[in-house]
Structure formats: structure tokens, C-alpha cells
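Participant: Sharing a structure with you now.
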Amino acid sequence: MKDFQKLVYEIEEFNNELHEKDFLLTWEKSVDDLKIILNVASALAYLRNSNMATRVFDSGIAVSQFRDNSTRTRFSFAKAANLLGLSVCDLDEEKSQIAHGETVRETANMISFMAEVIGIRDDMYIGSGNTYMREVADALKNGHMEGVLQQKPAVVNLQCDIDHPTQSMSDLLHLKNHFGSLENLKGKKIAMTWAYSPSYGKPLSVPQGIIGLMTRFGMDVTLAHPEGYNLLPECMEVAKKNAAESGGSFEQVSSMDEAFKDADIVYPKSWASFTVMQTRTDLLKRSDQEGLKELEKACLAQNARHKDWECNEKKMNLTKNKDALYMHCLPADITGISCAEGEVSEDVFEKYRVQTYKEAGYKPYIIAAMILASRIKNPAEVLYNLAKNGKNRILE
Amino acid sequence: MKDFQKLVYEIEEFNNELHEKDFLLTWEKSVDDLKIILNVASALAYLRNSNMATRVFDSGIAVSQFRDNSTRTRFSFAKAANLLGLSVCDLDEEKSQIAHGETVRETANMISFMAEVIGIRDDMYIGSGNTYMREVADALKNGHMEGVLQQKPAVVNLQCDIDHPTQSMSDLLHLKNHFGSLENLKGKKIAMTWAYSPSYGKPLSVPQGIIGLMTRFGMDVTLAHPEGYNLLPECMEVAKKNAAESGGSFEQVSSMDEAFKDADIVYPKSWASFTVMQTRTDLLKRSDQEGLKELEKACLAQNARHKDWECNEKKMNLTKNKDALYMHCLPADITGISCAEGEVSEDVFEKYRVQTYKEAGYKPYIIAAMILASRIKNPAEVLYNLAKNGKNRILE
Amino acid sequence: MKDFQKLVYEIEEFNNELHEKDFLLTWEKSVDDLKIILNVASALAYLRNSNMATRVFDSGIAVSQFRDNSTRTRFSFAKAANLLGLSVCDLDEEKSQIAHGETVRETANMISFMAEVIGIRDDMYIGSGNTYMREVADALKNGHMEGVLQQKPAVVNLQCDIDHPTQSMSDLLHLKNHFGSLENLKGKKIAMTWAYSPSYGKPLSVPQGIIGLMTRFGMDVTLAHPEGYNLLPECMEVAKKNAAESGGSFEQVSSMDEAFKDADIVYPKSWASFTVMQTRTDLLKRSDQEGLKELEKACLAQNARHKDWECNEKKMNLTKNKDALYMHCLPADITGISCAEGEVSEDVFEKYRVQTYKEAGYKPYIIAAMILASRIKNPAEVLYNLAKNGKNRILE
């Protein structure tokens, strides 16, 4: 209970600018706002784990729109909604009339009557996903001002072409809990590195999100990838600027070994380069199936030249005390398990498996916190009231 | 609060025959019953907008069955269910065993254990949709009498081949609010006119629903369409009879200009003729893809002869004070926006855009009112109790 | 209320080993545990039918995974979840990343954050379904022990290759209510017989479930099928053993007439033999479409030799007082209704139609009871508290 009180007390101390705002990129938020999200997430987890009811909404809708396959994020969003008392309405574009020429503005308003949040995943097309989310967000803001919507739903980015804030914030909460505090992350070295995988077209949002977020907290962020696997230039700029401001550092190296050296944390993960993603975007828009096959073939061949980018015991031995924390957003391509050769060896993954599962477990709470902080002016007060009311989640 | 009290007071005064009944066609309901639906909808909106909880059901199921694509009605139904505390179970016929020869009666009963409502959209086949809904309704009535179902779920028509009562009732609520009262609608001229659209096969349920409903309230209803775009003869009869009884009028003219002349309200919207829909029904039942393509081609060519049926500024200048209220069930085919040439010009649509969005926003409340009035004997009392309990919708 | 008190009192008296356990096969449960499920189901039905709220969970998730088509079980699961206050998250494997090489363990954990139950239907592959459920159950048990999952969700078998416990327990509750008590079932003859149907590949889980469950309660269970329609040998062993222990009997005969003779209850239903299902499993795994077509053809031809296995008036006249109770899990293949020649004649089915509908209506309560008994240590106390709190399900 003391931990809970501390979490809520801190929320009240921070400068809160989240109310009525969307959550699209972590670097658009102040450090205080990010801390509020972490604390609200932890406070909600505390309440639930103490069998206290967390329904803030007696009724209300959470709209989800997934423009790419997703099990985990879909479930995380549904769980966040349920935790707060909201029901999910999924905008399935195959079932809907959206393909029939409706404007984004109109659809955004039509689906948002009585909605508290719209969670969007749109990570397939470089240059499109985040832009689409902003269009929706603008439409909803206007719809609210025009009196069409009784409330302005929060738009929450569930992964786009640029950032994956619900993932990176879950990762950050994992780090905070693992190392004891955000303060303790200062000076810690995190290696965000590319890793080999026999697949192509994996989004850039995770590495971009990680270098864009971890540089905010004074960490020494090292990025490594083979030639040709660049991230979006603007994300590189963001990371540099963040590091300068937070007193951390942002460095780029060209080998996994170099990145792993003395690292406190490693995050080895496969991705496609943004040039590939750009080409793919063009081909997808033109529905050029032949071109897509060619691109896939070329990319897999390119990937295959870097099979040595595998996180294994030898590589882990380069890290601080041979004992860095291994992170992954899951699912990982595990050598000998999910593929012949992959991002991580079986023994390394198994050693950290439970940790990566826990890392994933923060996501529903992070999403719930993003919803709550946008929809409720004073989240600390609501959390206090939930605890004070003391209603059981499970009747006993 | 005074407005709310007035709404609820009126509900008590009306002769209520909605309890345990289905909502399939507006013209099967008394004017009092229609007024009750409008008032319950407005009272629920008042409560929600005042942050008061509207859960009437602590648990319970709302079954939906969509036999045609739908985003908006699907979402409206889900929101109505959520507003009252119900969870949606969607009967997805692709996922189900229904295609395997089950009888309607059996399926209707099987899906209805614990259900408070079944919302059905079935507008593809002329002569089928409303008939199907009655089959389901009969099966549920019997199931309840036989002790199979603990309650008789309300069947709510979410659009059929004949009527679209949740749409027309939302439109009516929009008119009531816009003109101040139902009383004020007396003598107002509404022009329900066909409009050009580069698409075919649009259902007749909206124009039929509008002429069948607005003639109940003493309005002067004028229908206009090019030759060959007739509505169902029985709907024309209903409109005539209604107008005679309500002291309004029902007139048919052959040009948009004539219909718009001195109109207080215009509702320009594309539809297919019932002869086309009948042919299409036969072709669909025979899965005659070749025939369907031919029909589409012929219809689009027929449509294209009437591109002048566009609601634009020139046409709007013919209306009362050049300032009639423009209505549309959305999505509208907007010239230069959603198509090269369409139902409405961009400037006219933009002028009334917010109004049409608000018009659409009534639908979840109308559906909720239809559910509540069927399932609850004394809706006025329940609304009073919700207000008296004063539970917040959003905890603060 | 007296009935309710008796039900709950009995629950307290039974030796309860259901807490934190899964429900995969009825013969893994003690008779006391089965009685608890029946009583909890009936007590929940009593509360709901008395307009008392049954939400035990203020928030929480019920995950469903259907690896085969299903309307009824899907709806039953959703209704059970709703009855207790849970929201359903459906794991749709087409929409998910599961096909992309994730391990069962990881997926099981990822979907289970905040989940109280995972209901699985997996009946297509002989040797796979129940095994898969056990893998999931093990993963969740470990996930809970490792601190990944705050609670261990109950795994509920919604039909597998071996058993169909939610069906057979609903059937048992139907028999208990029909004959007045479980005690009264002692010495009653139930004929579980194969019946002709112009379809193939129907699972064996129902007949196996029935002979495995009804032999627990001192019934005289007679199994009959044409040559070549054997059940799994281990299920036959289970039935024999059960009968010996309960003081009932388990007998196999080779004609429907013999089975029906003096029966108190008849359960005529089509199924494929396990050798056919095994062949089919192999063909499905190899995606051998040609082989599958051949198998279907051969099976339908084999079926067609046994069209005399139809439950009709002549057959029913062989039963005790010509008046045995007819049972079916639905949908039945009714001669002249759903097919030209089927499992049951129209007149026999119609005589018992309402009974079979009621039989089906128990399933949501049985599933809810399985969830509650696994998740709640003392279900009797919770039921008492629900009744004591006396909150209305429908506000009045």
C-alpha cells in the first residue's frame, strides 16, 4: 500500500500535460508525462494484484483498428480496455464500408460516438502510419469542438511506421523495475542491435522507439546494424538530441560485438531498412506482387549475409559482468526453436525467457495508463478513489 | 435536469405498447410508441452527457447479425448495447454452422439464451429481409412461451428490404431537435429525392422509411425520382394512408427541382429501383455472376442518364428561404470528394456536414431506446431511478 | 429460494478439488466435483432467473480459441463469460501471428495476462486436441509459478478429440432435472447409438463423453453402432471401469433396436469411426485434398449402408413404455427437414424438440460453473453473497 501511495503521490507532483491529448510519439511528451504513464500503469497493476476493482468507466467504448496482423497488441489493448471498464469495438476494414471511398474524417467521427479511445496499429507503409493517426486525431478534435462528439477520444499509437510507444514504454517500465528506479538507468549502456532473422519486412518502429525513448533517461544508447539497415534519419536526429539533453549518449557502431561490449542491457532484434520499407511501400501501393516477391528474395539474401548477428553466449560474454539484461519485444526468432538460425540462441533466450514474458506483461497496463491519463484530468485522484472505495475485483 | 424530467414525464403519459414487442417497421407502431422511443433516446443522452451511469443491465447479451457489410450500424448497435450494460455476440455466418442446414427456428433459439435483443441487418434480397426477421421473432416468441428462453429478446430491424427504422427514427429525432418539437414539423415540406451516384444496388429502405415515417407527423412529404426508380408499391400506400391520417400530405413529382421548391428539408439520396433489386435478388439467389455484372452495367448506364440529379447550390436556392435543412444517412457520394460526380456538391455538403454527423450520432441512442422499451415494462421509472441513483459514468 | 439454499448447502458438503484446476475430461474429476459443477450451474441459473446479479468479476478476460467452426459453443462460452462479468477475447488464428512459428507456451502466456479462463475447442485431429489443451494448461501453470501470470487461468475443454465435457455435463443436468435427482438415474437405461447422417467426419467426442460420464452415476449405458464405427479404445475402457465402480453397467450391442429395447433414454447421433478420423487427421496434416475427397466419398458410401439407423416412431416404440426421453446435442439431421434421410424422423424430433432446446440451454451455466469453481476457492460462499447482496440484474 505504501508503494501505491508513493506512486500516486508522485503523479500529483509531476507537471501533467496528458489530459485530452493523444499518445503518438514518446518524444512529443515531456519526461514528466512519461513518468506519469509509468506510475499510473504501476498503480493500476498494484490495485488489480490486490484484488481491487479498477473500473473507472461504468460504460464506454474502446475502438481498435489494426491495419496489420496482431495477436499480442490486440489482446493487450482489449485487456487495457477491460481493466478500465470499456468494451472494445474493432474496426475490421474487411467487414466495413471504409473501402468504399469514405473520407477518414467522416469515418473517424462515425466510429467515435461514445468512444473514449481509438487504438490504431498501422505499420506497413513508411510515411503513412503516423500520418494517418494524426489525421484521425485531428478529425476527432474537430468533431469534439463542433459538438459532434461529446468527448474527444484519445488516439493511442499501437505501432506505426515511426514509433511503437506502447512497446517502448513497457520496455522502460521493465527496466525501471529491474534496476530499481529511473534514476538508476543513468549511465547504463543499452545496445539496440540488429539481429539476423530468416524473415523480411519487420517494422522499424521498435529500434526507433527504443533509441528515441531510452536516450531521454541519461542512458548510453548504442545502435548497431549491418550496412544497409538504416533507421529513419529523423529518428536518428531525435535520439541524438535527446541524449544531449538528458546527459546520456547516443552512439552508432557497426558490429554486434562492439555494441555488446560492457553493455548493461542488450536488445537484439531484426528489422528491415527504411529504404527496403520504402520500396515495399511503393510496391504494396501498386499491388505489384511480382516486385514484392523480388524484393523479399533480395532482402532475404541480404539478411543471410549477416547470420553472425546472433545473440548467443559468446556475445553475451562481452557484456558487463557477462550478465547484461536481454530484452525482446517478442516473438523472438530463436535458433533451433522457431527457425534454423535466428536472432538469439536457445540457451540465451531460455535464460531470460521469464524476463521477456514479464516485459510483455506490462503492455496492457501501459495502454490503460495512456487511456486514463488522456481521459481523466486528475488520474491521481481517481486512483486514490479506487483504492479508497476498495471494491473487490473478484467477489469473495 | 428540467428537460430530463419533462422527457420522462411525457413517457409516462403516452400509451405504451412497446413492452415485449419487436421493432420491425415504424408504421406498425403507434405515434405514442414512436414518441416514447424519441424521449427514451433523449433521456439516455441527457444522462450520459451529464456523466450519469446508464447501465440498466448488470449482465446480458445483445446478439447482432449482419447479412451485409456495415461499419456504422454495427458500431451503433455495439454502442447502444454498451450504454445499457449488454455485451455483443456477433453471429458471423461464415464462422458458424448456419450454412449447414440448420433451421432458422433452432438457430434463433440457440443464440438467444440470456439475450435481451437480436439486431438484424438483412437488406440484400427484396422480399427476404423483413420476412426473415419475422421468422426469427416468431421463433423467439415461441421459445419464450415453451420455456426455452427465460426472456423474449427484442428483435430490432437494423435495416431490411422494406424499412430502416433505426435510421428514420434518428432522422426524426434530428428534425425534432432542429425545429424544436414534433409539433413544429406539421406543415413542413420534406423532399425525399433520388440523387445520382456512380454506384448501384443501394437499398430502398431509407427512402421507404422516410416516406413511411415523416407522413405520421403532419409533414408535407414529396417524393421525387427519375422514371424507373420506383419504391415498393406497398410503401407508397403506407405513405398515402399515413398522410391522410396525420393531416399532412404525400405527393410524388418527377424532378428534383419540383421537389426542392419551397422545401424546409431535403433528403437527396441514391437508390436502385425495386425492379432492379428484384432482378438482383433472383441473380444473387442463383449466384449468376455473369447476370449480376450485366445488371450492374445496365444500371450504371441508367443512373448516368440522371447526373443532373445532384443536390447543389442552384438546387438549394429553390428551397424555402434558400435555406432548407440538408439531410443524409451517410456516407454521401460527394462530387469531387468521394467520386467525380455524385449525390451532392462539395459546398452544400460541407455547409451541412456537422448537421449530418449529429444526425448520425442519434442512432446509438435510438437503438438503446428500442431495446429498453421492449425489455422494460416501465422505462420512465427506470430512467428516474438511473437519475436518482446518480452513479457517475466516469469515476472522478 | 429454498431450492437455491439446498443447492448451495450441498456444494459446501462436497469434497471440492476443482480450485485452480482445469476441466479437460470428466473422468479426471471426482463424482463430488461433478456434482459441484451441476449445483453451481443450477444456482447461477436460479439467481439469474430471479433477476439477481451474478457478476463475480468486476473486470477480467475470458479467452476463447476455436480451431473449428462453432456457433453454439462460441455463444455459450460468451454467455458464460458475460454471466460472471468477464469480457471475451477471441484468439482468431487467421488474424494472429500464431501461424508464424510461435511456440504454444509463449502464445499461451501472452494471451493470458489478466485472463481468468481459456476455453478451447480443438476436435479436428485425433490425438491432437486434448494434447494441445494440456500443453496450454502446463504453460499457464508454469507461467503462474514463474510470476508471469498473476493468476492461473482455468483451461476449459470446449470439445476435443476425446471428450466434450461441457456438452455431456449439460446433458447430465438435463437428465437430473428431468428425472428429479442424480439418485433417480441409477438403473436407468441410456442408449447411446450411432445414427445415419449424410455427412461425415462428425467428432467422436459426444458418444465418448456420454459413455464416459453416464457410467459414473449407476446408469445402464448401452452403446450401439454399425461395424466400423468404433470409439477410441481408451474411452471404452473408461466406460467399463466407471460402470464397475458405480454399480451401473456398460454394454455394447450391434443394432439400434437392441439398444433401444426398454431404454429410458435414447441418444441417437451420427459420428465417424476413429480409424476414419485418424486417416483424416493424417490427410489433413498433409493437406492431401485428393485423399480427403476420396475418404469422404468412401465414408458417405459406408454411411449409406446404414440408413436404417434412424430414430423413428417404430424404434421409439421399443423403449420403456414406448416413451424414452430422446436426447441430442443439436443440430440434429432431421429426415425431411435438414436432409432427405437423417438421424431422426420429423415426428420424433418435434415431440422432443423443446426438451432438446432446454438441454442446450444448460451449457452456458455449465461453462460458467466450470470457470467459477476453478477460479474461486469457495464457490458456495460467493453464491451466498450474490444472493445476500441481492443486486438486481435488470434495474427496475
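Residue numbers (this note's numbering), protein chains in the order written: chain A, 598 to 993; chain B, 598 to 993; chain C, 598 to 993.
Virtual Cβ for every residue (Gly too), placed ideally from N, Cα, C.
Between A:Trp624 and A:Asn839, how many whole angstroms is the CB-CB distance? I'm expecting something under 8 angstroms.
Facilitator: 7 angstroms
Participant: With a cut-off of 8 angstroms, does the C-beta of B:Ser693 fall near any C-beta of chain C?
Facilitator: Residue confidence is low: B:Ser693 scores 48 on pLDDT, short of 50, so the model does not pin down where it sits. Its coordinate-derived value is still stated next. Output row for B:Ser693: interface = yes.
Participant: Report the residue ranges of all alpha helix (DSSP H) runs contained in full by the stretch 906-940 of chain A; include only those spanning at least 4 residues, in chain order.
Facilitator: 910-913
Participant: Assuming C:Met853 and C:Ala901 make a contact with CB atoms under 8 angstroms, what is their CB distance in whole Å?
Facilitator: About 16 angstroms; that fails the 8 angstroms criterion.
Participant: For the candidate residues A:His925, A:Ser867 and A:Glu943, whose alpha-carbon lies nearest to that of A:Gly933?
Facilitator: Closest by alpha carbon: A:Glu943.
Participant: List the whole-angstrom C-beta distance separating B:Leu556 from B:Ile633, where the pair is believed to meet the contact cut-off of C-beta under 8 angstroms.
Facilitator: The requested residue 556 of chain B is not part of the displayed model; chain B covers only 598 to 993.
Participant: Using the three-state DSSP reduction, which class does A:Tyr864 fall into: helix, strand or coil?
Facilitator: strand
Participant: May I ask you to report which of helix, strand or coil DSSP gives B:Thr819?
Facilitator: strand
Participant: With a Cβ-Cβ cutoff of 8 angstroms, do C:Arg645 and C:Arg990 count as a contact?
Facilitator: yes
Participant: My output table needs one value for A:Glu848: the three-state DSSP class, helix, strand or coil.
Facilitator: strand
Participant: By the criterion of Cβ-Cβ separation under 9 angstroms, what are the contact partners of C:Leu688 in chain A?
Facilitator: Thr668 and Phe672
Participant: Between B:Phe871 and B:Ile723, what straight-line distance do the alpha-carbon atoms span, to the nearest angstrom?
Facilitator: Computed Cα separation, rounded: 7 angstroms.
Participant: Along chain A, which residues have their Cβ under 8 angstroms away from the Cβ of C:Met711?
Facilitator: Arg645, Lys676, Asn679, Leu680 and Pro961
Participant: Throw me the rounded Cβ distance for the C:Val745 and A:Lys955 pair, which I believe falls under 8 angstroms.
Facilitator: 6 angstroms
Participant: Taking C-alpha atoms, which residue in B:Ala929, B:Ile968 and B:Ala659 lies nearest to B:Lys618?
Facilitator: Per the Cα distances, B:Ile968.
Participant: Which of the three DSSP states, helix, strand or coil, is assigned to C:Arg718?
Facilitator: DSSP places C:Arg718 within a strand segment (E or B) once states are collapsed to three.
Participant: According to the Cβ coordinates, are B:Ala762 and B:Gly806 closer than 8 angstroms?
Facilitator: Rather than Ala, the amino acid found at residue 762 of chain B in this sequence is Pro. In contact: B:Pro762 and B:Gly806 (Cβ atoms closer than 8 angstroms).
Participant: List, in order along the chain, the chain B residues whose C-beta lies closer than 7 angstroms to that of A:Val653?
Facilitator: Ile991 and Leu992
Participant: Taking buried to mean at least 16 other C-beta atoms within 10 Å of its own C-beta, is C:Arg877 buried or exposed?
Facilitator: buried
Participant: Among B:Ala965, B:Phe672 and B:Val685, which residue has its Cα nearest to the Cα of A:Asp689?
Facilitator: B:Phe672
Participant: Do we get a CB-CB distance below 8 angstroms when we pair B:Ala696 with the residues of chain A?
Facilitator: Unreliable placement is indicated for B:Ala696, whose pLDDT of 41 sits below 50; no coordinate value is reported for it.
Participant: Just the C-alpha distance for B:Glu732 and B:Gly657, rounded to the nearest angstrom, thanks.
Facilitator: 23 angstroms
Participant: With respect to the beta strand (DSSP E) encompassing C:Ser789, which residues constitute its N-terminal and C-terminal limits?
Facilitator: Position check: residue 789 of chain C holds Met in this sequence, whereas Ser was assumed. In this chain, the beta strand (DSSP E) harbouring C:Met789 covers Lys786 to Trp791.
Participant: Tell me the DSSP secondary structure of C:Val653 in three-state form.
Facilitator: coil
Participant: Between A:Lys783 and A:Gly809, which are expected to be in contact by the criterion C-beta below 8 angstroms, what is the C-beta distance as a whole number of angstroms?
Facilitator: Wrong, their Cβ atoms sit about 18 angstroms apart, outside the cutoff.
Participant: Alpha carbons only, please: which of B:Phe857, B:Tyr793, B:Ala965 and B:Ser843 is nearest the one belonging to B:Leu680?
Facilitator: Selection B:Phe857, B:Tyr793, B:Ala965 and B:Ser843 evaluated against B:Leu680 yields B:Ala965 as nearest (Cα-Cα).
Participant: According to DSSP, simplified to helix, strand and coil, what is C:Glu994?
Facilitator: Because chain C here runs from 598 to 993, residue 994 of chain C falls outside it and cannot be looked at.
Participant: Using a cut-off of 8 angstroms between C-beta atoms, extract the partners of B:Tyr954 located in chain A.
Facilitator: Glu703, Asn706, Met707, Gly740, Glu743 and Val745
Participant: According to DSSP, what are the bridge partners of A:Ser673?
Facilitator: Beta-bridge pairing links A:Ser673 to no other residue.
Participant: Taking A:Val945 as the query, report the chain C residues whose CB atoms sit under 7 angstroms from its CB, ordered along the chain.
Facilitator: Residues of chain C passing the Cβ test: none, with the nearest at roughly 15 angstroms.
Participant: With 16 other CB atoms within 10 Å as the buried threshold, where does B:Asp719 fall?
Facilitator: Only buried fits B:Asp719, as 16 or more other CB atoms lie within 10 angstroms of its CB.
Participant: Counting only C-beta atoms, is B:Ile658 closer than 8 angstroms to chain C at any point?
Facilitator: yes
Participant: Beta-carbon separation of B:Tyr923 and B:Val979 under 8 angstroms?
Facilitator: no
Participant: I believe C:Met766 touches C:Val752 by the beta-carbon criterion, under 8 angstroms. Please report the beta-carbon distance rounded to the nearest angstrom.
Facilitator: That belief does not hold up - the Cβ atoms of C:Met766 and C:Val752 are roughly 16 angstroms apart, past 8 angstroms.
Participant: Which residues of chain A have a Cβ atom closer than 8 angstroms to the Cβ of B:Ala736, listed in chain order?
Facilitator: Those do not exist, as B:Ala736 stays about 26 angstroms from chain A at its closest Cβ, beyond 8 angstroms.
Participant: I'd like to confirm the pairing. Which residues does DSSP put opposite B:Ser661 in its beta bridges?
Facilitator: B:Asp687 and B:Gly716
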